[in-house]
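Novice: Handing you a structure now.
Residue numbers (the working numbering): 114 to 607.
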């Protein structure tokens, strides 16, 4: 009996590890995300994508807590900033609740993003296992796609392309179950559809794609009618709430539609796709190399075909439709990690299934090696996005130093037009506005009126030595100098 127990234990151990594999994979990538983003998780918001976006939503949350829901129009009309309601408001609710519970700290303000990203890891693993993929294939897919710089750099950034992903994945889990004829109560899918719309326009686009596939499935009697109705009602309710908030903030929907129009350019389809591809080659080269053929494998496999179709179409289509935004935001296609995870997992599953049993060990070793092959260059060669983020980490410190020198009843500092893309982060970090100097005359006037007033400038090769010697504070390519020194040293136009 002892021998039988030992044999049972020996056979049970591998089974136990196989069952735990998705959990261990999710935990591993989650720990990697927190470790990778630790330099900026609790850092102030600066002149980076992370800083610009985080300060916008942080300002919205602050306005609700300080002025109230009605006076601030649920954060859309901050007292000391421009009205902003270009995205659905669930991110507002997440941020204000987090700060009400844990206080206004940068790591807390960012928590809807990084906590949501950790939840997304669990949901994508659930989605893949539920699609019939093996645990090994699931871990490989999640680790390759979510171990990319796209996820590690931007997974903690407070903006809707990131915070909408867990809601999109929750929707996909419920939608897949309905397709598999084992649905949850229609109210669950309806509620998740509403949340997907309220989470972001990206997840709204995914809901539309799922709805289109579901209509076809209903006609063919492959998708429950009650579930389709729940999706439609939930999505409509979510859209009604989102648009009502936009209209409340702006007074009409016109500014939203104008912004949507501005997000489009005259770029050709080829140019638009080329731009997105260049960003993805920087942020997810290995996941792209393995995931794209993997998406083909996922489309070939009946169980994963709908998932691959709706997620890939949504990511590519959203970038093409809003090509101007995709051109200036390298994270615009953040959601690509989902179809890439599906693709890599489907490809690994295909390799395992097609490999004869005697050689299957080599397929297993390849599946294990795929994440490591992609992770090594990610950790050893920083992406352009990571370098830009690290460059901007010290900008809050130099603006704080500048603000201490400026009169307390006015702007925190001045900056030359073009030195920063947006100054929301300066207002958020200093609690005061910034003065924009639009031309040489404005700089000269300031130098005459207040020679010691702090000015934020970009350092270039021609003025580097002079600016460094005159600087009050420096950070990467930025320097703070007095208005008189700026007028003396800086060339115009820049």
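Just so you know, even glycine gets a beta-carbon here, dropped at the ideal spot from N, CA and C.
Is there contact between the segment 187-202 and the segment 246-261, where contact requires at least three CB pairs shorter than 8 Å?
Specialist: Too few Cβ pairs lie closer than 8 Å, so no.
Novice: Apart from the five residues on each side of it in sequence, which residues of its chain come closer than 7 Å, Cβ to Cβ, to residue 355?
Specialist: Only 201, 202, 310, 311 meet the Cβ criterion.
Novice: Are residue 349 and residue 300 touching if we call contact CB-CB under 9 Å?
Specialist: No, they are not a contact pair.
Novice: For residue 171, count the other beta carbons within 10 Å of its own beta carbon; 16 or more makes it buried, fewer makes it exposed. Which is it?
Specialist: Looking at its Cβ environment, which holds 16 or more other Cβ atoms inside 10 Å, residue 171 is buried.
Novice: Hey, how far is the Cα of residue 608 from the Cα of residue 463?
Specialist: Here the chain has residues from 114 to 607 only, and residue 608 is not among them.
Novice: Who does residue 567 pair with in a DSSP beta bridge?
Specialist: 595.
Novice: Taking 7 Å as the limit between beta carbons, can you name the residues of its chain near residue 223, skipping five residues before and five after?
Specialist: Result list for residue 223: 154, 167, 269, 271, in chain order.
Novice: For a test of the three-state rule: what should DSSP assign to residue 366, helix, strand or coil?
Specialist: Correct three-state label for residue 366: coil.
Novice: Can you give me the start and stop residues for the alpha helix (DSSP H) that residue 396 sits inside?
Specialist: Taken as a continuous stretch (DSSP letters only), the alpha helix (DSSP H) holding residue 396 covers 382-396.
Novice: Among the residues of its own chain, which have a CB less than 6 Å from the CB of residue 410, if the five just before and after it don't count?
Specialist: Cβ within range, chain order: 459, 460, 463.
Novice: Would residue 66 be called buried (16 or more neighbouring beta carbons within 10 Å of its own) or exposed?
Specialist: As shown, the chain starts at 114 and ends at 607. That puts residue 66 outside it, with no answer to give.
Novice: For residue 340, name the three-state secondary structure that DSSP assigns.
Specialist: DSSP places residue 340 in helix when its eight states are reduced to three.
Novice: Would you call residue 136 buried or exposed, if buried means 16 or more other Cβ atoms sit within 10 Å of its Cβ?
Specialist: Result: exposed.
Novice: Using 8 Å as the threshold, is the segment 586-600 in touch with the segment 556-574, meaning 3 or more CB pairs across them?
Specialist: The answer is yes - the segment 556-574 touches the segment 586-600, with three or more Cβ pairs under 8 Å.
Novice: Run through DSSP, which three-state label would residue 612 get?
Specialist: Not covered by the structure: residue 612. The range shown for the chain is 114 to 607.
Novice: Going by the beta-carbon positions, is the gap between residue 451 and residue 305 smaller than 9 Å?
Specialist: Contact flag unset, no.
Novice: Do the CB positions of residue 158 and residue 265 come within less than 9 Å of each other?
Specialist: No. Outside cutoff.
Novice: Report, in whole angstroms, the separation of the C-beta atoms of residue 516 and residue 534, which I expect to be a contact under 8 Å.
Specialist: That belief does not hold up - the Cβ atoms of residue 516 and residue 534 are roughly 20 Å apart, past 8 Å.
Novice: Across which residues does DSSP place residue 184 in a beta bridge pair?
Specialist: Paired residues: none, contrary to the question.
Novice: Counting beta carbon pairs with one atom in the segment 466-483 and one in the segment 429-440, are three or more of them shorter than 8 Å?
Specialist: No, because fewer than three Cβ pairs between the segment 429-440 and the segment 466-483 fall closer than 8 Å, the two stretches do not touch.
Novice: Do you know offhand how far residue 564's Cα is from residue 510's?
Specialist: Between residue 564 and residue 510, the C-alpha separation is close to 22 Å.
Novice: Could you say which of 430, 242, 554, 525 lies nearest to residue 132 if we only look at CA atoms?
Specialist: Among 430, 242, 554, 525, the Cα nearest to that of residue 132 is on 242.
Novice: Kindly identify the DSSP beta-bridge partner or partners of residue 548.
Specialist: Residue 548 is bridged to 527.
Novice: Could you have a look at residue 161 and say whether DSSP puts it in helix, strand or coil?
Specialist: Residue state, collapsed to three classes: coil.
Novice: Does the beta-carbon of residue 161 have 16 or more other beta-carbons within 10 angstroms, so that it is buried, or is it exposed?
Specialist: With 16 or more Cβ atoms within 10 Å of its Cβ, residue 161 is classed as buried.
Novice: Taking the C-alpha atoms as reference points, what is the distance between residue 470 and residue 339?
Specialist: So the two alpha carbons sit approximately 44 Å from each other.
Novice: According to the Cβ coordinates, are residue 498 and residue 566 closer than 9 Å?
Specialist: Not a contact, by the Cβ cut-off of 9 Å.
Novice: Should the segment 229-244 be called in touch with the segment 179-196, which here means at least 3 C-beta pairs below 8 Å?
Specialist: Touching, no.
Novice: When we look at the beta-carbon of residue 218 and count the other beta-carbons within 10 Å, is it buried (16 or more) or exposed?
Specialist: By the 10 Å Cβ count, residue 218 comes out exposed.
Novice: Report the CB separation of residue 326 from residue 428 in whole angstroms; it is logged as a contact under 8 Å.
Specialist: At roughly 15 Å, the Cβ-Cβ gap does not stay under 8 Å, so residue 326 and residue 428 are not in contact.
Novice: Tell me which same chain residues have a C-beta within less than 7 Å of the C-beta of residue 598, skipping the five on either side of it?
Specialist: The residues are 583.
Novice: Leaving out five residues on either side along the sequence, give the residues of the same chain with a beta carbon under 7 Å from the beta carbon of residue 445.
Specialist: 274, 432, 438, 439, listed in sequence order.
Novice: Give the DSSP-derived three-state secondary structure of residue 587 in the structure shown.
Specialist: Note: residue 587 maps to strand in three-state DSSP.
Novice: Give the DSSP-derived three-state secondary structure of residue 375 in the structure shown.
Specialist: In the structure shown, residue 375 sits in a helix (DSSP, three-state: H, G or I).
Novice: Relative to the C-alpha of residue 138, which residue among 257, 152, 191 is closest?
Specialist: Answer by Cα proximity: 257.
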